[in-house]
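Residue numbers (my numbering), protein chains in the order written: chain A, 317 to 666; chain B, 58 to 444.
Quick notes on the structure that follows.
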Amino acid sequence: MEVGIVGYGSSIPRQRIKVEEIAKVWGADAPSYKKGLMLYEKSVPAPDQDVISMSVEASRRALKRSGGVDPQDIGAIYIGSESHPYAVKPSGTVVAEALGATPAIHCADMEFACKAGSEGMFVAMSLVKAGEVQYALGIGADTSQGAPGDALEYSAAAGAAAFIMGNSNLVAVCDFTDSFMTDTPDFWRREYMHYPRHAGRFTGEPAYFSHTIGAANAILKKSGMKPDDFTYAVFHQPNGKFPQRVGKMLGFTNEQMEPGWLSPWLGNTYSGASPIGLTATLDVAKPGDRILMVSYGSGSGSDAFVWTVTDRIDEVRDLAGKTRVMLDNDKYYLEYGAYAKCRGKIRMAE
Amino acid sequence: MRDVAVIGVGMMKWGELWEKSLRDIYVEASLNAIDDAGVDHIDSLYIGCMSGGLFNGQEHLGSLMADYLGLGPVPAVRVESACASGGLAFRQGWMEVASGISDVVLVGGVEKMTDISGDEATYALSTAADQTYEGYHGITFPGLYAMIARAYMDLYGATSEQLAAVAVKNHLNGSNNPYAQYPHKITVEQVVNSVMVADPLHILDCSPITDGAAAVILCPMSMVGDLSKKNSPAVKVTGSGHSTDTIALHARDDLTWLGSTERAAAAAFKMAGRTPADIQVTEVHDCFTIAEICVTEALGYFERGKGAEAVASGQTAIGGPVPVNPSGGLKSKGHPVGATGVAQIVELVKQLRGECDERQITGARLALAQNMGGSGGSTVVHILEGV
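Structure (structure tokens):
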């Protein structure tokens, strides 16, 4: 049975902060972040934007592109995030209610650092494939936090992508999936910790690169495909540099990666990162185009997907806001003070 | 006192060795040295390591390493003198063989620095400074060496470009060293445009944080033929000097003058019956670019205030009259602090054996190693001669 994406959508906050603005506060060297990590600015959630509200917005856009899926036919919702607003109480219940998808729906929130969104997509699609549900919603969303002054503060951003999975009327068929996971603790946040901790340069070679390459090579082997068999490739993007470097190491060109390479201007949207990159790629894809997507989550693991775009893309592309349009337009730049307020970095009266 | 020879050396590629532990890298370098020497027993061990405690939460390294090398119950001593721990371990091993207490001594140096964060590593290193008078004020080594550099530039008119010449030369040399952590060539422009760490030192003026180990085997000169089954050309240790200085930089009369290096070198030259002009190849402690400049002056290679011009004009390049750091130095090869002093000996033994390929100093017979702790609070100098 063919399964895949019936409708897709993303949500990106309008607010941005530039690398220079953050560097100015900490006396840090902005050019080294811009050149070394290819980071220029990042999205900042407004006070009313969190994983739940962005998931609702992205899902509504996915519904608009779904060709009339009745929310009541969505049988499962999985939101992957490391910044669910509640430690206990699901995000998925609120989102499903807002979409009109309750009460006959399976739900649990997912967490696997930046890989939770792609895992949600995989599980949602697998339930459709198993025949358990007609449609299922897989969402990756985050309002990530970096500790003030930490390297992560220059990249930790906000955004969401939602995918309605089904077995008919597809926009993109999922040809193959694979996953690659080991116990590699490069980044973590324990309960009650406000900011995550990370193991510096250890987050590179043994973590991001080894798992992303591991999953990509596994799916290339499984599918019997080569980098030139793909029109596009989307990788997890904790900064601008890593996805470009990993793509080159695997044999992909900048042209293949360009549509889904958003992090220099969006920042790292964690669970949203490669899923949002996929939405931006679908926005420009043509029928028959093949897309490789590889996520990465600390801890560590990568999910890989091979998608083939169908004729329906031309009908649905313009039915909802496009990712690049949201990224490039109506931006509102914050100074550090307002950014600190929006990110809850200011200690208030108790 | 017996004459002492180095009959085996061992190292490995240095870097961020996340797949290996502190003991793994020590054992790997030591086994390489044992193989190189072709000895069938070891009488005792000296291990140079600055801070297994702060970097790895591991002390009691003597017994640990003897055990994991499969050599327990031989005596094993861990030696600490900050970044001069390796050089000082070598000197202790040399003394033990020279004195007649032991015949075959394995001297290893090791540091595993990347298992903790950069901030934690900076703190661990800073404990080599005077904690009461320097540490309490928040200064760490880049800041201390920046003050030396600033004083040197004010006194002698040296430029950032002249300092950068040290890094450029050492990276060029290191590009031919298969063990080097950063075997990449760089330019003066790249150095002076790299991130400022502590004015006037840019990040490319600084040696890196490194995991690495190095080891050498010592025995009496008279027993080389009997003990070494490999018949590698033996290298004789003809001079050894060790001197201390105030570990607080402010307590010195002249911030730019490394008294411990001057005195350790004088002792080593006297023992060897040599002068600075006799030395054909030198490894020095270039933890920061300014350090190499000050060291070459304190060794007597150049007049006070002339070291910066000397490196910028190519005098210390391979092929120049006074080649310094053909291995790439701490800057390119890496600086696992406890291993550095031993790795200098490894490089010089290979130079004297003529095994350095592209970076070989042609016909080198006389070599000097200078290994320094802190901002110059301790220095160990050795002179080696090919026989």
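Backbone N, C-alpha and C fix where the C-beta goes; we use that ideal spot for every residue, glycine too.
Values in this document were obtained by computation on a predicted structure and should not be read as measured data.
Residue of the options minimising C-alpha distance to residue i
| i | options | result |
| --- | --- | --- |
| asparagine 428 of chain B | B:Asn230, B:Ala178, B:Ala322 | B:Ala322 |
| aspartate 302 of chain B | B:Gly144, B:Gly434, B:Asn113 | B:Gly434 |
| proline 387 of chain A | A:Glu373, A:Ala412, A:Glu435 | A:Ala412 |
| leucine 312 of chain B | B:Ala185, B:Ile99, B:Ile205 | B:Ile205 |
| glutamate 373 of chain A | A:Ser460, A:Pro603, A:Ser326 | A:Ser326 |
| aspartate 160 of chain B | B:Asp100, B:Gly385, B:Gly119, B:Asp172 | B:Asp100 |
| proline 575 of chain A | A:Thr597, A:Leu486, A:Pro554 | A:Thr597 |
| aspartate 366 of chain A | A:Thr498, A:Asn485, A:Gly588, A:Met441 | A:Gly588 |
| valine 341 of chain B | B:Gly157, B:Arg361, B:Gly385 | B:Gly385 |
| threonine 373 of chain B | B:Gly430, B:Gly420, B:Thr397, B:Ile336 | B:Ile336 |
| serine 432 of chain B | B:Val134, B:Ile347, B:Pro277 | B:Ile347 |
| alanine 601 of chain A | A:Val487, A:Thr519, A:Ala515 | A:Val487 |
| isoleucine 375 of chain B | B:Cys413, B:Pro393, B:Glu354, B:Glu366 | B:Cys413 |
| alanine 432 of chain A | A:Asp646, A:Met509, A:Ala476 | A:Ala476 |
| leucine 163 of chain B | B:Val438, B:Pro277, B:Ala324, B:His307 | B:Pro277 |
| aspartate 502 of chain A | A:Gln560, A:Gly462, A:Gly613 | A:Gly613 |
| histidine 307 of chain B | B:Asp187, B:Val444, B:Ser120, B:Thr436 | B:Asp187 |
Span separating the alpha-carbon of residue i from that of residue j
| i | j | result |
| --- | --- | --- |
| alanine 62 of chain B | alanine 424 of chain B | 14 Å |
| valine 562 of chain A | histidine 552 of chain A | 10 Å |
| leucine 201 of chain B | glycine 593 of chain A | 46 Å |
| tyrosine 649 of chain A | proline 361 of chain A | 12 Å |
| glycine 67 of chain B | valine 399 of chain B | 10 Å |
| alanine 420 of chain A | glutamate 76 of chain B | 49 Å |
| glycine 114 of chain B | leucine 79 of chain B | 11 Å |
| lysine 226 of chain B | glycine 377 of chain B | 11 Å |
| aspartate 97 of chain B | serine 183 of chain B | 40 Å |
| glutamate 571 of chain A | glycine 408 of chain A | 36 Å |
| glycine 129 of chain B | cysteine 344 of chain B | 34 Å |
| serine 375 of chain A | histidine 422 of chain A | 16 Å |
| valine 249 of chain B | glutamate 507 of chain A | 44 Å |
| serine 611 of chain A | glycine 416 of chain A | 29 Å |
| histidine 514 of chain A | alanine 656 of chain A | 21 Å |
| isoleucine 328 of chain A | tyrosine 239 of chain B | 40 Å |
| serine 348 of chain A | methionine 210 of chain B | 26 Å |
| alanine 270 of chain B | histidine 117 of chain B | 17 Å |
| glycine 604 of chain A | proline 401 of chain A | 39 Å |
| leucine 578 of chain A | serine 471 of chain A | 12 Å |
| glutamate 191 of chain B | valine 438 of chain B | 26 Å |
Contact check, residue i vs residue j, beta carbons under 8 Å
| i | j | result |
| --- | --- | --- |
| tryptophan 71 of chain B | leucine 275 of chain B | no |
| valine 338 of chain B | isoleucine 418 of chain B | yes |
| leucine 315 of chain B | valine 368 of chain B | no |
| leucine 355 of chain A | glycine 615 of chain A | no |
| proline 199 of chain B | alanine 139 of chain B | no |
| alanine 478 of chain A | tyrosine 324 of chain A | yes |
| glycine 410 of chain B | glutamate 442 of chain B | It is arginine, not glycine, that sits at residue 410 of chain B in the sequence shown. Result no, Cβ atoms of arginine 410 of chain B and glutamate 442 of chain B do not sit closer than 8 Å. |
| isoleucine 82 of chain B | aspartate 268 of chain B | yes |
| threonine 585 of chain A | alanine 424 of chain A | no |
| methionine 541 of chain A | glycine 320 of chain A | no |
| glycine 362 of chain B | leucine 258 of chain B | no |
| glycine 175 of chain B | isoleucine 260 of chain B | no |
| glutamate 318 of chain A | valine 489 of chain A | yes |
| leucine 443 of chain A | alanine 523 of chain A | no |
| alanine 365 of chain B | alanine 224 of chain B | no |
| valine 136 of chain B | glutamine 149 of chain B | yes |
| glycine 357 of chain B | proline 333 of chain B | yes |
Near the ligand MG: residue i beta-carbon under 7 Å from a heavy atom
| i | result |
| --- | --- |
| glutamate 412 of chain B | The model depicted lacks the ligand MG and carries no ligand whatsoever. |
request  = Taking only beta carbons into account, state which residues of the region 507 to 522 of chain A come closer than 8 Å to chain B, listed in chain order.
outcome  = Listed in sequence order: Ala515, Gly516, Arg517, Phe518, Glu521, Pro522.
task = Could you please tell me which residues of the region 330 to 362 of chain A, in chain order, have their CB closer than 7 Å to any CB of chain B?
result = Here the close residues are Asp345, Ser348.
request  = Taking a Cβ distance cut-off of 7 Å, strictly less, list which residues of the region 172 to 196 of chain B are near chain A, in chain order.
outcome  = The residues in question are Ser174, Gly175.
task = Could you name the residues of the region 399 to 424 of chain B whose beta carbon sits closer than 7 Å to any beta carbon of chain A, in the order they occur along the chain?
result = Of all residues in the region 399 to 424 of chain B, none places a beta-carbon less than 7 Å from a beta-carbon of chain A.
The region 343 to 356 of chain A in contact with the region 540 to 550 of chain A per 3-pair CB rule at 8 Å = Result no; under three Cβ-Cβ pairs closer than 8 Å.
inquiry  = Whether or not the region 287 to 306 of chain B and the region 406 to 417 of chain B are in contact is what I'm after, with contact meaning three or more pairs of Cβ atoms, one per stretch, closer than 8 Å; do they touch?
reply    = Touching, per the Cβ criterion.
inquiry  = Assess contact between the region 102 to 122 of chain B and the region 164 to 176 of chain B, defined as three or more Cβ pairs (one per stretch) separated by less than 8 Å. Is contact present?
reply    = Short answer: they touch.
task = Compile a chain-ordered list of the residues in the region 72 to 91 of chain B whose CB is closer than 9 Å to at least one CB of chain A.
result = From the region 72 to 91 of chain B, only Glu73, Trp75, Glu76 have a Cβ closer than 9 Å to chain A.
query = Contact between the region 450 to 470 of chain A and the region 426 to 441 of chain A: three or more CB pairs below 8 Å?
reply = Yes: at least three Cβ pairs fall under 8 Å.
request  = Determine contact between the region 134 to 148 of chain B and the region 83 to 97 of chain B, defined as no fewer than three beta-carbon pairs at a distance below 8 Å.
outcome  = Judged by Cβ distances under 8 Å, the region 134 to 148 of chain B makes no contact with the region 83 to 97 of chain B, as fewer than three pairs qualify.
Cβ pair count under 8 Å reaching 3, the region 493 to 503 of chain A against the region 608 to 621 of chain A = Touching, yes.
ask   = What residues from the region 278 to 295 of chain B come within 7 Å of chain A, judged by C-beta to C-beta, listed N to C?
value = When C-beta distances to chain A are compared with 7 Å, every residue of the region 278 to 295 of chain B stays at or above that value.
request  = Return the residues of the region 224 to 246 of chain B that lie within a Cβ-Cβ distance of less than 9 Å from chain A, sorted by chain order.
outcome  = Using a CB distance below 9 Å, no part of the region 224 to 246 of chain B faces chain A.
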